Amino acid sequence: MSSSTDLERLNAARLKIAIRLTVAMMAFYFGFILLVAFRKNLLTMLVSPGLSLGILLGALVIVAAWILVWIYVRWANRHYDQSIADLREQL
Amino acid sequence: MTSSLGEPNLIAITGFFLFIALSLGITYVAARRTRDPEHFYAAGRSVTGLQNGLALAGDYMSAASFLGIAGLVALSGFDGLIYSIGFLVGWPIVMFLIAEPLRNLGRFTFSDVVAFRLRQAPVRVAAATGSLAVVAFYLIAQMVGAGNLIRLLFGLPYELAVIIVGAVMLAYVLFGGMIATTWVQIVKAVLLLLGAFLLAVLTLARFDFNPLMLFEAAGDHYGLRVLGPGGLVSDPIDAISLGLALMLGTAGLPHILMRFYTVPDARTARTSVSYATAIIGVFYLLTFILGFGAMVIVGQDTIRDVDTGGNMAALLLASALGGPGFMGFISAVAFATILAVVAGLTLAGAAALSHDLWVNVVRGGSASDQEQLRVARVASALLGVLAIVLGIVFEGQNVAYMVGLAFAIAASANFPALLLSIFWRGFTTRGAQASMFTGTVVSLVLIYLSPAIQMDVLGHASAIFPLRNPGIISIPLAFLVALIVSVVWPEPAAASGFAKLERRAHLGVDE
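Keeping their order, the protein sequence lines are chains Z and W. Just so we're aligned, residue 0 is where the first sequence starts under numbering that gives the first Met the number 0, counting upward by one. Just so we're aligned, residue 0 is where the second sequence starts under numbering that gives the first Met the number 0, counting upward by one.
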């Protein structure tokens with residue numbers, strides 16, 4: 000019986016981090032797309048010679064994707080795998 | 000410089016035959032290990048995280064994205080970046096929501112997951128239909144790209160080029176199954192990364208290894224507007240629609256989802272997505288350098304003279320920087336890319352036909368290993384012939400656009416049902432059927448009514464549906480239909496199977 004409540008807890012924990020990271024990724028990407036769609040002049044502005052705000056933010060979206068994936072992998076390697084191993088032991 | 004295109008290029012032809020020889024060698028070795036469905040569809044579940052990461056990247060980095068996006072950037076600057084980023088941001092979504100439960104819940108196809116606690120036959124029929132629609136559109140894009148590329152490079156007739164691609168690809172799939180297809184993907188991914196990297200280094204060498212100086216030169220030549228959003232996304236709603244399709248489509252592509260069954264467990268599935276995300280991100284950043292490099296070094300007029308779509312920009316850049324020899328190498332890499340992606344697609348289509356439709360619907364889930372293998376091979380051969388026919392019939396279609404449509408169908412037909420089947424207790428067989436049917440039909444109909452077909456292809460003055468990409472309508476609609484149908488017709492058996500599904504999704508076992 001206790002293993003099923005542990006599973007519920009693990010399920011809730013994974014769901015929480017998965018939803019948060021998904022929302023973060025969508026916010027970064029659609030924030031960028033909305034700027035592309037509605038604030039073209041702003042993105043054409045130069046931050047430094049050769050570097051427009053658009054190119055800078057675009058590259059940052061790719062970096063953000065890497066960081067979010069890294070956050071998830073770190074969480075999963077540290078906590079998720081351990082919890083699964085514990086649950087399997089209880090069976 | 001342009002004169003070397005369209006004439007036989009010795010290095011390209013040699014590279015091309017070397018790749019075919021190497022990949023057929025791989026196929027020969029793989030064929031001896033391909034004795035049962037586990038090997039044919041899932042490479043015996045023995046692929047490592049790095050290998051699968053490379054193979055996923057290989058499946059994903061199609062020639063359409065390598066040649067197409069470099070060309071898009073070369074001709075319109077910043078706008079090409081919108082595609083690059085859109086293709087990448089689907090991967091975190093695959094990681095957070097799909098990869099691990101998918102691996103734990105299924106055997107060969109994503110339909111295994113949708114059908115896990117629902118009624119097998121109706122769900123399988125719907126899921127296989129969605130898969131085959133995506134595979135067909137994606138195949139058209141790749142085959143048309145292959146035919147054009149080979150005609151431009153070697154001066155071969157278009158039809159012959161399409162037949163050669165279909166035949167070689169079929170050899171991999173028929174005899175070597177997933178083991179051969181995976182290794183062909185890995186070899187190709189490494190070659191493609193190497194080629195793009197060399198090309199980027201040679202480009203940047205002319206700009207003190209500073210990308211900003213390259214962008215600045217582009218701004219000096221063609222005006223600062225190439226560094227900001229331009230006419231490609233003139234309609235804001237269309238930009239959002241395309242963005243939605245690109246982001247959610249990745250998690251609905253059957254040939255990508257199928258790769259997660261080639262690794263031994265969910266942890267390795269996770270590792271492989273992180274490798275794939277890193278590799279694909281680097282690749283698209285490189286493509287951006289190549290696009291601007293071609294714009295500045297080759298020049299937009301020259302690129303447009305060779306191909307109005309700009310698809311040859313990367314090859315022209317290679318020719319300008321390293322002469323015909325280097326261009327030959329990059330051409331051979333582009334060809335290897337197409338061959339590998341077509342093989343992956345055919346295998347995914349064959350799995351939908353044989354594993355989902357034949358074994359689980361026609362035979363009710365029980366068929367001997369020999370029968371499964373035989374049916375899978377017959378299905379592969381049929382799809383190979385279909386790919387050749389589609390490639391010839393759709394000659395002249397815009398390659399990048401077809402890929403965008405495949406993503407829109409994947410995001411509308413497959414992704415909502417897959418996501419809900421994993422996370423929503425109340426999801427039902429009817430809900431899944433209705434959602435997948437709505438997603439497929441609505442996206443296909445809206446594509447037909449869009450300006451791209453009505454105005455560009457049929458030549459009408461206006462289009463009934465104003466958007467080029469249907470995602471913003473078809474994706475929410477597929478979710479909404481799933482929700483309404485499941486709530487109106489609840490399915491107690493499906494809900495009671497959810498606890499078992501949750502358990503298996505995390506633990507990978509049933510106890």
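Positions of the beta carbon are idealized from the N, C-alpha and C atoms, including for glycine. The structure presented is a predicted model; accordingly, all values stated were derived computationally and were not measured.
| Asked | Found |
| --- | --- |
| Short CB-CB distance (under 8 Å) between T4 of chain Z and chain W | no |
| Closest residue to G308 of chain W among W:L320, W:S64 and W:F208 (Cα-Cα distance) | W:S64 |
| Segment contact, 8 Å Cβ cut-off, at least three pairs: the segment 23 to 32 of chain W with the segment 192 to 201 of chain W | no |
| Residues that R266 of chain W contacts on chain C, provided the C-beta gap is smaller than 7 Å | Structure shown: chain C not included; protein chains present are Z and W. |
| Any alpha helix (DSSP H) of 4 or more consecutive residues that is wholly inside the segment 439 to 497 of chain W | 470 to 487 and 491 to 495 |
| Residue-chain proximity (K39 of chain Z, chain W), Cβ-Cβ < 8 Å | yes |
| Between the CA atoms of G324 of chain W and G292 of chain W - distance to the nearest angstrom | 19 Å |
| Per-residue burial, Q141 of chain W [other beta carbons within 10 Å of its own, 16 or more giving buried] | buried |
| Simplified DSSP assignment, three categories, for V388 of chain W | helix |
| Cross-chain neighbours of I84 of chain W in chain Z, by beta carbon under 8 Å | Y28, F31, G57, V60 and I61 |
| Limits of the unbroken beta strand (DSSP E) element including G47 of chain Z | In the sequence on display, residue 47 of chain Z carries Ser and not Gly. From DSSP, the beta strand (DSSP E) with S47 of chain Z extends over L45 to S47. |
| At least three beta-carbon pairs within less than 8 Å, the segment 338 to 346 of chain W to the segment 314 to 323 of chain W | no |
| Nearest-angstrom beta carbon gap, T128 of chain W and T439 of chain W [assumed within contact, 8 Å] | 6 Å |
| Buried versus exposed, by CB contacts within 10 Å (16 or more), R73 of chain Z | exposed |
| Rounded separation between Y28 of chain Z and L56 of chain Z - CA only | 10 Å |
| Same chain only: Cβ atoms within 6 Å of F426 of chain W, ignoring 5 sequence neighbours per side | L419, S420 and S485 |
| Alpha-carbon to alpha-carbon, A204 of chain W and R224 of chain W | 25 Å |
| Inter-stretch contact (C-beta, 8 Å, three-pair minimum) for the segment 209 to 223 of chain W and the segment 44 to 60 of chain Z | yes |
| Extent of the continuous alpha helix (DSSP H) to which N310 of chain W belongs | Per DSSP, N310 of chain W belongs to no alpha helix (DSSP H) and is neither H nor E. |
| Any chain Z beta carbon closer than 8 Å to Y283 of chain W | yes |
| Chain-order list of residues whose beta-carbon lies under 6 Å from that of F414 of chain W (same chain, five-residue window excluded) | L247, A250 and G251 |
| Beta-carbon neighbours of M212 of chain W, restricted to chain Z and to distances below 7 Å | G49 |
| 8 Å CB neighbourhood of M0 of chain W in its chain, flanking five on each side removed | Unreliable placement is indicated for M0 of chain W, whose pLDDT of 42 sits below 50; no coordinate value is reported for it. |
| DSSP three-state assignment for L50 of chain Z, whether helix, strand or coil | strand |
| For W182 of chain W, the nearest candidate out of W:N51, W:A433, W:D78 and W:E394 (CA to CA) | W:N51 |
| Segments assigned alpha helix (DSSP H), at least 4 residues, entirely inside the segment 0 to 79 of chain Z | 1 to 37, 39 to 43 and 52 to 74 |
| Start-to-end residues for the alpha helix (DSSP H) that takes in A127 of chain W | Q119 to F153 |
| Nearest residue (CA-CA) to A350 of chain W, options W:R303, W:M257 and W:A313 | W:M257 |
| For I185 of chain W and F18 of chain W, the rounded distance between their alpha carbons | 12 Å |
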